[in-house]
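Novice: Next up is a structure, given as structure tokens.
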Amino acid sequence: MKIFESTKIRISENLKLKKQIDEVQVENAEMKSILKTIDKTRELDYNETFNSAKNLKIRRKLVPKLRSALTSYFPASNGQLTKWLDCLHKSRHSHQRLMDRGKADENKYQVHSNNRVHDISNDL
1 MKIFESTKIR ISENLKLKKQ IDEVQVENAE MKSILKTIDK TRELDYNETF NSAKNLKIRR
61 KLVPKLRSAL TSYFPASNGQ LTKWLDCLHK SRHSHQRLMD RGKADENKYQ VHSNNRVHDI
121 SNDL
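Numbering follows the UniProt record's numbering, in which position 90 of the sequence shown is assigned residue number 90; successive positions increment by one, without gaps.
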């Protein structure tokens, strides 16, 4: 009986975790779609570091705009938005550097391959 109960608890915890991950993915997708609608003058410079003076100036204007746009979907704090922007900047910055070196196509193939492996392992 104890084994069945512990398995049941683990399954319940896994379902809760999966639901939380799904919610975060929806929120991230929502933030990305909102970022696409913001004018180019407020877009982060991906050739510079996240904490460069230019990007700090842009972030001071961008975070409040994002926060007000997201309030109907998700009440995000300034810290959460900054972390999300940091992750997004890191991804786009590394992609920009690969494009500058001419290695973006090789990386795109590898990322696609890794995503397929991850998707298949999630289905199992």
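Think of the CB as a built atom: it goes at the ideal place given N, C-alpha and C, for glycine as much as any other residue.
This one's a predicted model, so the numbers in the text were calculated from it and none came from an experiment.
Exposed or buried, which one is V63 when buried takes at least 16 other CB atoms within 10 Å?
Specialist: Answer is buried; the Cβ neighbour count reaches 16.
Novice: By DSSP, does T49 sit in helix, in strand, or in coil?
Specialist: Here T49 sits in coil by DSSP.
Novice: In three-state DSSP terms, what is T71?
Specialist: T71 falls in the coil class under three-state DSSP.
Novice: K57 to D100, Cα distance in whole Å?
Specialist: So the two alpha carbons sit approximately 25 Å from each other.
Novice: Enumerate in chain order the residues of its own chain whose CB-to-CB distance from N78 is below 6 Å, with the five nearest sequence positions on each side excluded.
Specialist: Excluding positions up to five away in sequence, the list reads V63.
Novice: What's the call for L17, buried or exposed, on a 16-neighbour Cβ count within 10 Å?
Specialist: Answer is exposed; the Cβ neighbour count stays below 16.
Novice: Spatial neighbours of R42 within its chain, please: C-beta separation below 8 Å, excluding the five flanking residues on both sides.
Specialist: Cβ within range, chain order: I58, K61, L62 and K65.
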